[in-house]
Structure formats: structure tokens, C-alpha cells
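According to UniProt numbering, the sequence shown is numbered sequentially starting from 1. Even for Gly, the Cβ is constructed at its ideal location relative to N, Cα and C. Since this is a predicted model, take the numbers as computed values, not measurements.
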Amino acid sequence: MKIIEVNLPDHSYNVEIETGILNCTGQLVSSVWSERKIALVSDSNVAPLYQERVAGALESVGFTVHNYQFPAGEASKSLGVLADLTRDMAADGFTRDDGVIALGGGVTGDLAGFLAATYMRGISLIQIPTSLLAQVDSSVGGKTAVDLDTTKNVIGSFYQPDLVIIDPETLNTLDRRDLVEGYGEIVKVAALTDGKLWDLVQDINSPEDILANAEELSRLSIQYKADVVMGDEKEGGLRQVLNFGHTIGHAIEALADGDLRHGEAVSIGMVAITRIFEEKGLTQAGVNQKLIDRLQAVGLPITSPLLDSDDVFDKIKNDKKNHAGHLNLIYLHQIGGPAIKSIPSEGIRDFLNIKALQS
């Protein structure tokens, strides 16, 4: 078993990674929680696959489990679904001494995490991510949120779990598109770090390669993110580099209205921002092609007609990285050399000039 320790000033926890570890859920949870009532939250795709199995493992060691399910998809990351889950938990008599387990992908982790953060002003949380995107990124670091209308993650909080359990075996039940979209976040981290992870992604040329190396891809990605989070838990400085590709990516993801997965949008966003900074001489020549090669190797998209939309800038203006009239753009000097450039909000359209750089 691979264990990554996330040690924060007010809250520390382990990320435990091993193929087949889902069968040990009861023992792992009982090592951090006393007996209590657990809200086991999954979406309509994951629940039929794993919810009863995990609930049985928890009940076998003395926990009382209530299974909750919501419709799969980004649309469920809403105040309405949050309210429904809150009502269900209240009706079932949950108290501040109980806990929430998020069993699923990134939407489940964000939604159930925010549910735990807000129910009775906060109850215990454990993350069990079942998608590649959640396993390598969103389950670690404490970001929880719901969307409002078409603005992603605008209502949320930093709320750390007590434990993260990662079983790469769950990736075998993903369809290929859902598997590959998570790889966009892996390439992002690899480009930020250089080193072992960047070396490893050079050997990934198919979805099958992702599955064969899933445990190591998760370990290296999460170790980097954990190190960053431990240095900047609330995204005041260094942690902003994890948003590489996200400013443009989030904008086109919102405009796509469900037709783009998050990792696909981040892939497009990384290429777009790197092309812009390379054209301006701020990124080393050839970096963008290196990213394109690694993303296209597994079938991730690298551009979108949505980049031609003027609405992209309206979405960017609402980005959470806007501070005091400036937008912090994350880019690469070179592979392994992330940097932050602050641009006045009123000048962002001219600086990005996305249309002129499409080809």
C-alpha cells in the first residue's frame, strides 16, 4: 500500500492507494472514525457498482450506513441537489457526531464534500474517489463546491477529509472517454513538475497504458499536489499553479454546456494558454508541442470552436483567480517551471487575443 501524508496546521490525513483496497474500507474507516452514522453518497452511475459493497464493508465493523444517490452529471452539482441531500440526512437523524463518505468521481467529491462542510456547520468527511480525475486531483486538497447557473464552483469551501481511499481497480468500470479525461490533469501536473511524472507520461500512448500505470500515476500526481497544498492550503500563492489550463478551460467547459468533460476542457485550456505565452516569448519554444504530443497520444482534444466565442471573456471575468481587478494567469516558463502573471482585468481580452492565435 502507498500512503501519502497530508500534514496541515489544523488537520492532517492520509491518502492510501492500492489496487483492491476497496475491500478494506471497513477497517480503514474504523481506523480514523469511531462507530457512527454514515451518509454514503454516490451518483446514479457509481451507486449500482460499488455502494452496496462499501456499505456492507462499513456495516461489518459496526457503522450504521444510509445510502444516498443523486443523478449523475455536472448538473447535479447544484444548490437544489445539496438541499435534497441535506433534507434526507436531517430526516434520518444525522448529527454533528456523524459523517459523510463521498463515493464517486469529481462531482460526487465536490458535492458530498460541501454537504459535509455545511451540514450542521460541518461534520466528518472521507473521500473514496472512483474516477481517474478524482483519484489524481480533486479528492485531495479540501476543495468542495457547487455550481451556480453556469458559473463553476462559485459556492464552496476548503474542507479537508479525514482520509482518502484510492483503489485503481475502480477505473476498469469507466468508459474510455471518462478515463482519458482524467489524464488531462495528470499531464498538467507532469508539466508543472518535470521529473519522474513527466518521464512516466512519455510512455503513456493509449488508454490501456493509463490503466497499466494508474497506481503510479496517482501516487506521483497526489504527492505533488499534497506538497503544494501543505505549503499553501487556501490558495493564497503557490497553490494557484495547480490552476494551469483552468482559466480558459473552465470558460469553455461552461460554454460547452455538458458537451466537454472537465479534463478535456483543461487539455484545451493548457494548449491555448501555452500557445499564447509561447507567441509572446514568455514560454520556451517547443513547450506547447510537447504538451500537444502527450495529450493527443491518448485522444484528448487540444482545441475547440468555443475559443472563438466572445463569451469566453465573460466567463473568464468571473474566474475565482480574479483578485483586486487583476487576473492571475498560470503559465510555464518551460516544462517544470510554472509561473504566475497578473493581468489587469480590463486588459485580459487584448492580452489573451485567443482568436488571433487559433489555427
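Problem set entry | Best match in Ile252, Asn172 and Gln160 for proximity to Lys234 [C-alpha to C-alpha] | Along the sequence shown, one-based indexing puts residue 234 at 234. Measuring from the Cα of Lys234, the nearest candidate turns out to be Gln160.
For this session: Return the Cβ separation of residue 426 and Asn328 in integer angstroms, given the expectation that the two are a contact with Cβ distance under 8 Å.
Result: Any question about residue 426 goes unanswered here, given that the chain covers just 1 to 359.
For this session: For Leu28, collect the residues of the same chain with a Cβ closer than 8 Å to its Cβ; drop the 5 residues on either side in sequence, then sort them by chain order.
Result: As a first step, residue 28 is located in the sequence shown; it is residue number 28 there, counting from the start. Only residues of its own chain outside the window of five on either side were considered, and among them Glu16, Ile21, Leu163 and Ile165 have a CB closer than 8 Å to the CB of Leu28, listed in chain order.
For this session: Following the continuous alpha helix (DSSP H) through Pro129, name the residue where it begins and the one where it ends.
Result: The residue you call residue 129 lines up with position 129 of the sequence shown. Counting along the chain, Pro129 falls outside any alpha helix (DSSP H), though it belongs to the beta strand (DSSP E) covering Ser124 to Pro129.
Problem set entry | Assumed close pair Val41, Ala112 - CB separation to whole angstroms, cut-off 8 Å | Locating residue 41 in the sequence shown gives position 41, where the first residue counts as 1. Locating residue 112 in the sequence shown gives position 112, where the first residue counts as 1. Rounded, the Cβ-Cβ distance is 4 Å, consistent with contact.
Problem set entry | Proximity to Asp350 [Cα-Cα], best of Val201, Thr108, Lys188 and Asp310 | Reading the sequence shown from its first residue, position 350 is the one you call residue 350. The shortest Cα separation from Asp350 among Val201, Thr108, Lys188 and Asp310 belongs to Asp310.
For this session: Starting from the Cα of Gln296, find the closest Cα among Leu171, Ala324, Val271 and Ala116 and give me that residue.
Result: Here residue 296 refers to the residue found at position 296 of the sequence shown. The shortest Cα separation from Gln296 among Leu171, Ala324, Val271 and Ala116 belongs to Val271.
Exercise. Exposed or buried, Gln289, counting other C-beta atoms within 10 Å across all chains shown (16 or more means buried)?
Worked result: Position 289 of the sequence shown holds residue 289. Exposed is the call here.
For this session: Output the boundary residues of the alpha helix (DSSP H) element that contains Ser30.
Result: The residue you call residue 30 lines up with position 30 of the sequence shown. The continuous alpha helix (DSSP H) containing Ser30 extends over residues Thr25 to Ser30.
For this session: Taking Ile348 and Ile316 to be in contact with their CB atoms under 8 Å, please state how far apart those CB atoms are, rounded to whole angstroms.
Result: As a first step, residue 348 must be located in the sequence shown, where it is residue number 348. As a first step, residue 316 must be located in the sequence shown, where it is residue number 316. With a Cβ gap of about 6 Å, Ile348 and Ile316 count as contacting.
Exercise. Leaving out five residues before and five after Asp232 in sequence, what residues of the same chain have Cβ atoms less than 7 Å from its Cβ?
Worked result: Counted from its first residue, the sequence shown places residue 232 at position 232. Spatial neighbours of Asp232 in its own chain (CB-CB distance under 7 Å, excluding positions within 5 residues in sequence) are listed in chain order as Leu238 and Arg239.
Exercise. Does the distance from the CB of Val81 to the CB of Ile38 come in under 8 Å?
Worked result: Indexing the sequence shown from 1 puts residue 81 at position 81. Indexing the sequence shown from 1 puts residue 38 at position 38. No, these two residues do not count as a Cβ contact at 8 Å.
Exercise. Ordered along the chain, which non-local residues of its own chain (more than five positions away) have a Cβ less than 6 Å from that of Ile4?
Worked result: For the purposes of this step, residue 4 is taken as the residue at position 4 of the sequence shown. Once the five neighbours on either side are set aside, the close Cβ partners of Ile4 are Val15, Ile222, Gln223 and Ala226.
Exercise. On the three-state DSSP scale, how would you describe Ser359?
Worked result: Against the sequence shown, residue 359 aligns to sequence position 359. Its pLDDT being 48, under 50, Ser359 is placed unreliably in this model, and the value from its coordinates should be taken loosely. Of the three classes helix, strand and coil, the one that applies to Ser359 here is coil, per DSSP.
Exercise. If you check the beta carbons only, do Leu133 and Glu185 fall under 8 Å apart?
Worked result: By one-based count along the sequence shown, residue 133 stands at place 133. By one-based count along the sequence shown, residue 185 stands at place 185. Yes, they are a contact pair.
Problem set entry | Three-state secondary structure (DSSP) of Pro168 | Within the sequence shown, the letter at position 168 stands for residue 168. In the structure shown, the three-state DSSP call for Pro168 is helix.
Exercise. Per the contact definition of three or more C-beta pairs closer than 8 Å, is the stretch 119-128 in contact with the stretch 97-104?
Worked result: Verdict: yes, contact present.
Exercise. Bridge partners of Thr108, per DSSP?
Worked result: For the purposes of this step, residue 108 is taken as the residue at position 108 of the sequence shown. According to DSSP, Thr108 bridges with nothing at all.
For this session: Using a threshold of 8 Å, state whether the C-beta atoms of Ile155 and Tyr183 are closer than that.
Result: As a first step, residue 155 is located in the sequence shown; it is residue number 155 there, counting from the start. As a first step, residue 183 is located in the sequence shown; it is residue number 183 there, counting from the start. Cβ distance not < 8 Å, so Ile155 and Tyr183 don't count as in contact.
For this session: For Lys77, name the three-state secondary structure that DSSP assigns.
Result: Indexing the sequence shown from 1 puts residue 77 at position 77. Note: Lys77 maps to coil in three-state DSSP.
Problem set entry | Beta-carbon separation (whole angstroms), Thr86 vs Leu103, contact threshold 8 Å | Here residue 86 is taken as the residue at index 86 of the sequence shown, counted from 1. Here residue 103 is taken as the residue at index 103 of the sequence shown, counted from 1. So it is not a contact: roughly 18 Å between Cβ atoms.
Problem set entry | Own chain residues within Cβ distance below 8 Å of Ile248, not counting five before or after | Here residue 248 is taken as the residue at index 248 of the sequence shown, counted from 1. The answer, listed in chain order, is Ile268, Gly269, Ala272, Ile273, Leu307, Val312, Ile316, Leu352 and Ile354.
Problem set entry | Closest Cα partner of His333 within the set Ala254, Phe244 and Asp167 | Indexing the sequence shown from 1 puts residue 333 at position 333. Answer by Cα proximity: Phe244.
Problem set entry | Delimiting residues of the beta strand (DSSP E) encompassing residue 360 | The structure shown does not extend to residue 360, since the chain is modelled only from 1 through 359, so no value can be given for it.
Exercise. Roughly how many angstroms lie between the CA atoms of Leu79 and Phe70, to the nearest whole one?
Worked result: Along the sequence shown, one-based indexing puts residue 79 at 79. Along the sequence shown, one-based indexing puts residue 70 at 70. As the crow flies, the alpha-carbon of Leu79 is around 13 Å from that of Phe70.
Exercise. Does the distance from the CB of Thr25 to the CB of Leu49 come in under 8 Å?
Worked result: Residue 25 sits at position 25 when you count from the first residue of the sequence shown. Residue 49 sits at position 49 when you count from the first residue of the sequence shown. No; because the gap between Cβ atoms is not below 8 Å, this pair is not in contact.
For this session: Could you work out which residue in Ser31, Glu253 and Met89 is closest to Ala116 when comparing CA atoms only?
Result: What you label residue 116 is simply residue 116 of the sequence shown in a count that begins at 1. That would be Met89, whose Cα lies nearest to the Cα of Ala116.
Problem set entry | Beta-carbon spacing of Val229, Val46 below 8 Å | The count along the sequence shown starts at 1 and reaches residue 229 at position 229. The count along the sequence shown starts at 1 and reaches residue 46 at position 46. No, the pair does not count as a contact, with Cβ atoms beyond the cut-off.
Exercise. From Gly93, Val189, Gln135 and Lys196, pick the residue whose C-alpha is nearest to that of Gly109; which is it?
Worked result: By 1-based counting over the sequence shown, the position of residue 109 is 109. Of Gly93, Val189, Gln135 and Lys196, the residue nearest in Cα terms is Gln135.
Exercise. Which term fits Ala212, buried or exposed, when burial requires 16 or more other beta carbons within 10 angstroms of its beta carbon?
Worked result: Counted from its first residue, the sequence shown places residue 212 at position 212. Label assigned to Ala212: exposed.
Exercise. Are Ser30 and Val54 closer than 8 Å when you measure CB to CB?
Worked result: Along the sequence shown, one-based indexing puts residue 30 at 30. Along the sequence shown, one-based indexing puts residue 54 at 54. For Ser30 and Val54, no; Cβs fall outside 8 Å.
Problem set entry | Span of the alpha helix (DSSP H) around Lys37 | Position 37 of the sequence shown, counting from 1, holds the residue named residue 37. Unbroken run through Lys37 is the beta strand (DSSP E), Lys37 to Asp43; no alpha helix (DSSP H).
Exercise. In the structure shown, what three-state DSSP assignment does Gln135 receive?
Worked result: As a first step, residue 135 must be located in the sequence shown, where it is residue number 135. Here Gln135 sits in helix by DSSP.
Exercise. Which same chain residues, not among the five before or five after Ser304, have their C-beta less than 6 Å away from its C-beta?
Worked result: Counting from one through the sequence shown, the residue named residue 304 turns up at place 304. Cβ neighbours of Ser304 within its own chain (closer than 6 Å, five residues either side excluded): Ile252 and Ile268.
For this session: Would you decide whether Ala75 is buried or exposed? Buried here means 16 or more other CB atoms lie within 10 Å of its CB.
Result: Within the sequence shown, numbered from 1, the residue matching residue 75 stands at position 75. So Ala75 ends up on the exposed side.
Exercise. Under three-state DSSP, which class holds Thr118?
Worked result: Sequence index remark: in the sequence shown, residue 118 carries index 118 (1-based). Assignment of Thr118 by DSSP, reduced to helix, strand and coil, places it in the helix class.
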